[in-house]
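Peer 1: Before I ask anything, let me first share the structure, which is written out below as structure tokens.
2 protein chains.
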Amino acid sequence: MPRADATRNRQSLLDAASAELAAHGLEVSIARIAARAGVAKGTVFNHFPTKEDLVAEIFGDRVAGLVALGEQLREEVDPESALLRFMTAGIELQANDRSFCEAATAISRADPRVRAASERLAQIAEALTGRARDAGVIRADVTGHDIVLLFNAAVQAAAPLGDTVPGLWRRYLYLIFDGLRPECAREIPVAAPTTGDFTAAARNASGLSQPKARSRADHASPQRQGAV
Amino acid sequence: MPRADATRNRQSLLDAASAELAAHGLEVSIARIAARAGVAKGTVFNHFPTKEDLVAEIFGDRVAGLVALGEQLREEVDPESALLRFMTAGIELQANDRSFCEAATAISRADPRVRAASERLAQIAEALTGRARDAGVIRADVTGHDIVLLFNAAVQAAAPLGDTVPGLWRRYLYLIFDGLRPECAREIPVAAPTTGDFTAAARNASGLSQPKARSRADHASPQRQGAV
DNA sequence: AGAGAAGGTGACCGCATGGTCAAGTTGAGT
DNA sequence: ACTCAACTTGACCATGCGGTCACCTTCTCT
């Protein structure tokens, strides 16, 4: 059983990290987080072995929250509104959290907790999508994976103006959602991604330290004889 | 008139930087670029006062290329196919270039060359969109600015699987494009962004040095009494 | 109250980055 | 062939990062 001040500090750190990550994205320094939590830098590493670990903890929680909401929405009577609300929540999470999208792509795919949460999320998304599909309110060729990936789409469309026009992502959510309706479905020449694609992508994702990871990967291809 | 070797080196640097930026994104080090170009680091700064300057040069060229294509497409007979090809080109550019999306948001909004090119791009996009709108092939409430912003959407939707499923962005392009059709248009509760929004966002964008820019901006809001 | 362990601390390390500059090299005009 | 400005070079600087560790403080159990 940990000491009282340790528990307190741990919570402060999680709160501080959560806020700083949301405000400034993945590159916030540990020093900043420590300062905000009112502890020394060393304390951060007492509680979380690496920065990646800290981020994974927070990111896992966020995804878990979304999963919980999705679970509720399965009870919702109207499948269309359920799906729309699910997408809204997923997008809103990212729109309010600078670290989220980056984290989803880069970090913590390797982290087991995040992996688990993400898989649950994919299942929920598929369930909600399936209900909407069966009800005939969205096109037949759209899958749960598509829905999760489209979270990114709406946020990133609005991202260049994100701070200037705060609710803009909503515009693109609606635009994209209209594209999901059966009425206007044209054939799509590319198949939906599979669960296997996601696991394969997870293997490629190396971790937080992109520079290091990069230089390691680089030895393979872009070397030129004369240089260096 | 510059010396012959200077001209040669400048071109090598642009080529190298272009390739490295595409492959590794905005955070490639100057050292890497210099190595690839086969020159010393100092030489880079002989030709481009700052890293931001180098990136702006390249990024400006890319946008200009897209503008040129857009200009050709205005002659195309079918407005729908013209718009679709324009979007495809814009997305493809980003999908093949890791630096592009980041650059669009972060850097070089401040750079006059890039600003100019971006404004031209917005005009072209508006022209192509207008033609498609008049022809009744896309919904009335979509603007050229929307189209440019949606470049990001398709790429970013596919981004988490980008390296694993290379052509995936195409799927989301088609999905999004279907959402642009008049047949399935529902009312959108958020207005399209204006040119003014873009200029306002440009003012906020500070430059390459995000860390510095951040800490400057940070003094304003997220300070907490006890901390630091 | 006292003791011992759990936890906090901040100076410190190694490393990488963007950028500078005095000294050396080289292309081009005569 | 000679000269000199234009250009290149790489050691160097300041800064910021994630992470470590010997030392000190503080909680908790008796």
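Taken in sequence, the protein lines are chains A and B. Note that the first sequence covers residues 197 to 424 in our numbering. Note that the second sequence covers residues 197 to 424 in our numbering. Glycine included, every Cβ here is placed at the ideal spot set by N, Cα and C. Since the structure is predicted, the reported quantities are computational estimates derived from the model, not experimental observations.
1) Taking the Cβ atom as the reference point for each residue, do R294 of chain B and A219 of chain B lie within a distance shorter than 8 Å?
2) Could you tell me which chain A residues have their CB closer than 7 Å to the CB of Q319 of chain B, listed as they occur along the chain?
3) According to DSSP, is M283 of chain B part of a helix, a strand, or is it coil?
4) Report the CB separation of P378 of chain B from R335 of chain B in whole angstroms; it is logged as a contact under 8 Å.
5) Among B:A355, B:I254, B:I384 and B:R399, which residue has its Cα nearest to the Cα of P389 of chain A?
6) May I have the straight-line CA-CA distance separating D359 of chain B from V235 of chain B, to the nearest angstrom?
7) By DSSP, does Q421 of chain B sit in helix, in strand, or in coil?
8) Using the Cα positions of E315 of chain B and E272 of chain B, report the straight-line distance between them to the nearest angstrom.
9) Out of B:W365, B:T339, B:A381 and B:V310, which has the shortest C-alpha to C-alpha gap to D257 of chain B?
10) How long is the line joining the alpha carbons of C297 of chain B and S214 of chain B, rounded to whole angstroms?
11) Determine the DSSP secondary structure at T239 of chain B, reduced to helix, strand or coil.
12) Could you tell me whether the stretch 357 to 373 of chain B touches the stretch 260 to 271 of chain B, where touching means 3 or more Cβ pairs closer than 8 Å?
13) I need the boundaries of the alpha helix (DSSP H) containing I226 of chain B, first residue and last residue.
14) To the nearest angstrom, how far is it from the Cα of R449 of chain B to the Cα of L210 of chain B?
15) Is it right to say K247 of chain B is buried, meaning 16 or more other beta carbons lie within 10 angstroms of its own, or is it exposed?
16) Expressed to the nearest angstrom, what Euclidean distance is found between the alpha-carbon atoms of V333 of chain B and L371 of chain A?
17) Under the rule that 16 or more other beta-carbon atoms within 10 Å means buried, what is M197 of chain B, buried or exposed?
18) Work out the CA separation of A331 of chain A and I320 of chain A for me, nearest whole Å.
19) If you count every other CB in all the chains shown that lies within 10 Å of the CB of N348 of chain B, and 16 or more means buried, which is it?
20) Count the other CB atoms, across all protein chains shown, that sit within 10 Å of the CB of E216 of chain A; report buried if there are 16 or more and exposed otherwise.
21) Just to confirm before moving on: does the CB-CB distance between A252 of chain B and D337 of chain B stay below 8 Å?
22) Cβ closer than 9 Å: which chain B residues qualify as neighbours of D393 of chain A?
23) Does any C-beta atom of chain A lie closer than 8 Å to the C-beta of P418 of chain B?
Peer 2: In short:
1) yes
2) Those do not exist, as Q319 of chain B stays about 17 Å from chain A at its closest Cβ, beyond 7 Å.
3) helix
4) 5 Å
5) B:A355
6) 30 Å
7) Low local confidence applies: a pLDDT of 33 at Q421 of chain B is under 50, so the model's placement there is unreliable, and no value is given.
8) 22 Å
9) B:V310
10) 14 Å
11) helix
12) no
13) I226 to A233
14) The structure shown does not extend to residue 449 of chain B, since chain B spans only 197 to 424, so no value can be given for it.
15) buried
16) 15 Å
17) exposed
18) 17 Å
19) buried
20) buried
21) no
22) L357, T360, V361 and L364
23) Here the model assigns P418 of chain B a pLDDT of 35, short of 50, so the residue's position is not dependable, and the following value carries that caveat. True, the Cβ-Cβ gap to chain A drops below 8 Å.
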